[in-house]
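Heads up, the sequence shown is in the working numbering, so the first residue is 21 and it goes up one at a time.
Even for Gly, the Cβ is constructed at its ideal location relative to N, Cα and C.
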Amino acid sequence: MNGKKGEMKLIVSFIERGQGNGLTKFYTEHHVSFNYHSVGIGTASSDLLDVLGIGSSEKDVIFSLAARENAERLMDRLSDNLRNIREKGIVFTMPLTGLNNVVATVLERQVEGGRMGGNEMDANVANSLILVMINQGNTDAVMNTARAAGARGGTIIRSRFTGPEDVAGLENMMAEEKEIIAMVVPTDKRNAIMDTINKKHGIKTEAGAVILSLGIDRIAKLG
């Protein structure tokens, strides 16, 4: 797993159901092409949705991977083109604390205008969120591997991949139908869990796993 390449970002987009394809097209045009398109249902009241101006409770949820420079350029261009963008919703970025080496290398190559700085991807936090994007049908095997490495469980999100179709070395992740496993783990177990999943289910395997992590500032258990 990668800990010393240039800084990477996860871009999370919540928009009205059915508008995801248009937004991912805009992202691809601006060099953010690794997009995972999911669906969700918001829990905010209709009054709050009206105040926020983000439309209905049914959502398209897009998880996008990008090098820091491309993520920042995309956010700038979203701000500059708000009048021309019909989609309603919220888009935000988060720094990654870990990512497959192969995927990180490909994202670095997509940076406009040259190399990035060498910021280390790490965070001094107690808990981390691990996201594992895999080809559909491999969830049980990946979760068994994660549990054996110290994970306690996860949440599965159905998704589809809308990224490039011809990236050398990433052929196994080109299947359109995807599942995303989200796991909250202690940070001291994060690297072992990610490394184990990567060795058994990484990019060049049937699962074609893209594995990333983000630091969690605070966590509360409900109920």
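A Cβ-Cβ contact shorter than 9 angstroms links Thr113 with Ile31. Straight-line measurement puts the Cα of Gln156 at about 6 angstroms from the Cα of Glu197. Around the C-beta of Asp80, 16 or more other C-beta atoms lie within 10 Å, and the residue is accordingly described as buried. When rounded, the separation of the alpha-carbon atoms in Ala87 and Val52 is 8 angstroms.
In the pairwise beta carbon analysis, the segment 219-229 is classified as touching the segment 146-160: at least three pairs are separated by under 8 angstroms. Here Ala212 has Ala169 and Gly170 as same chain residues with Cβ atoms under 8 angstroms from its own Cβ, once five neighbours each way along the sequence are excluded.
Here Ala195 carries a coil assignment [DSSP, helix/strand/coil]. Residue environment analysis places Ser33 among the buried positions, since at least 16 neighbouring C-beta atoms fall within 10 angstroms of its C-beta. Annotated three-state conformation of Ser99 is helix, per DSSP. In this structure, DSSP gives Ala161 a helical state, which the three-state scheme calls helix. Residue range Val230 to Ile236 is occupied by the beta strand (DSSP E) that includes Gly235.
Put simply, the backbone Cα of Val152 is about 32 angstroms away from that of Asp100. Checking the DSSP bridge columns, you'll see Tyr56 partnered with Phe83 and Phe181.
Taking C-beta separations shorter than 7 angstroms and ignoring five residues to either side along the sequence, the partners of Met163 in its chain run Gly174 and Ile201, following chain order. Counting along the chain, the unbroken beta strand (DSSP E) around Thr113 starts and ends at Gly109 to Pro115.
Under the DSSP definition of a beta bridge, Met153 partners with Ile200 and Val230.
Of the residues assessed, Ala91 falls on the buried side of the cut-off, its CB having 16 or more other CB atoms within 10 angstroms. In this chain, Ile223 is not harboured by any alpha helix (DSSP H), its DSSP state being neither H nor E. At a Cβ-Cβ threshold of 9 angstroms, Ser58 and Leu149 do not count as neighbours. Of the candidates Val204, Lys219, Tyr47 and Lys29, the residue whose Cα lies closest to the Cα of Leu98 is Tyr47. Per DSSP, Glu49 is one residue of the alpha helix (DSSP H) stretching across Gly40 to Glu49.
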